[in-house]
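Participant: Position one of the sequence shown corresponds to residue 22 (our numbering), numbered consecutively onward.
This is the structure, below, for whatever I ask next.
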Amino acid sequence: MRISRSVAAATILCVSAVYATTRPAPSQDVVKVAGDSHRVIFENEHVRVLAVNMKPGQVASMHSHPDNVSYFLTDGKLKITLPDGKTLERNPKAGTAAWSDAVTHEAQNIGTTDFQQVQIELKPPTPRVVPTK
22 MRISRSVAAA TILCVSAVYA TTRPAPSQDV VKVAGDSHRV IFENEHVRVL
72 AVNMKPGQVA SMHSHPDNVS YFLTDGKLKI TLPDGKTLER NPKAGTAAWS
122 DAVTHEAQNI GTTDFQQVQI ELKPPTPRVV PTK
């Protein structure tokens with residue numbers, strides 16, 4: 022039995038459309054997707070430092086961070102959604118710090134007050150050329 026080109030093309034088109042609508046969206050820079058809550062306050066070749074201020078109910082859409090350290094300025098109650106749909110609740114405390122490996126997630130302030138943190142994203146080391154004598 023031979024399948025016509027139009028049937029084969031329609032099948033490939035349908036499979037591609039299903040894949041495109043069900044796969045996770047590509048990860049994006051948090052400053053681009055949530056510039057209303059995340060802003061760069063310092064950046065060089067080693068780190069990028071973000072000031073984070075999320076109002077109650079505010080969502081930072083799906084985005085990625087490299088390895089990073091966060092210092093929490095206020096207590097918080099956050100709902101974290103991972104690309105697979107799994108959710109976690111985090112309750113950071115003011116005056117504490119935490120390490121995070123590189124991650125892709127959505128974050129929502131589910132608390133009743135503003136949440137503030139300083140987030141320090143680490144950049145990969147850059148090779149340095151050392152002059153030889």
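Think of the CB as a built atom: it goes at the ideal place given N, C-alpha and C, for glycine as much as any other residue.
Identify, in the order they occur along the chain, each residue of the same chain with its Cβ nearer than 6 Å to the Cβ of Ser121, setting aside the five sequence neighbours on each side.
Facilitator: For the purposes of this step, residue 121 is taken as the residue at position 100 of the sequence shown. Only residues of its own chain outside the window of five on either side were considered, and among them Asn89 have a CB closer than 6 Å to the CB of Ser121, listed in chain order.
Participant: Could you say if the segment 132-145 and the segment 89-103 meet the contact criterion of at least three C-beta pairs nearer than 8 Å?
Facilitator: yes
Participant: Looking at the structure shown, is Lys114 part of a helix, part of a strand, or coil, going by DSSP?
Facilitator: Here residue 114 refers to the residue found at position 93 when the sequence shown is read from its first residue. Lys114 falls in the coil class under three-state DSSP.
Participant: Is the separation between the beta-carbon of Val124 and that of His67 shorter than 7 Å?
Facilitator: Counting from one through the sequence shown, the residue named residue 124 turns up at place 103. Counting from one through the sequence shown, the residue named residue 67 turns up at place 46. Not a contact, by the Cβ cut-off of 7 Å.
Participant: Does DSSP put Val150 in a helix, a strand or coil?
Facilitator: For the purposes of this step, residue 150 is identified with residue 129 of the sequence shown, where counting begins at 1. Reduced to three states, the DSSP call for Val150 is coil.
Participant: Just how far apart, CA to CA, sit Lys107 and Met83?
Facilitator: Stepping through the sequence shown from its first residue, residue 107 is reached at position 86. Stepping through the sequence shown from its first residue, residue 83 is reached at position 62. About 13 Å.
Participant: So Lys100 is in the beta strand (DSSP E); what residue range does that whole segment cover?
Facilitator: Position 79 of the sequence shown, counted from the first residue, corresponds to residue 100. If you look at Lys100, you'll find it in the beta strand (DSSP E) that goes Leu99 to Thr102.
Participant: Evaluate Arg111 with the Cβ neighbour count: other Cβ atoms within 10 Å of its Cβ, from every protein chain shown; 16 or more gives buried, anything less gives exposed.
Facilitator: Position 90 of the sequence shown, counting from 1, holds the residue named residue 111. Flag for Arg111 reads exposed.
Participant: State the beta-bridge partners of Glu66 as determined by DSSP.
Facilitator: In the sequence shown, residue 66 corresponds to position 45, counting from 1. Glu66 is not bridged to any residue.
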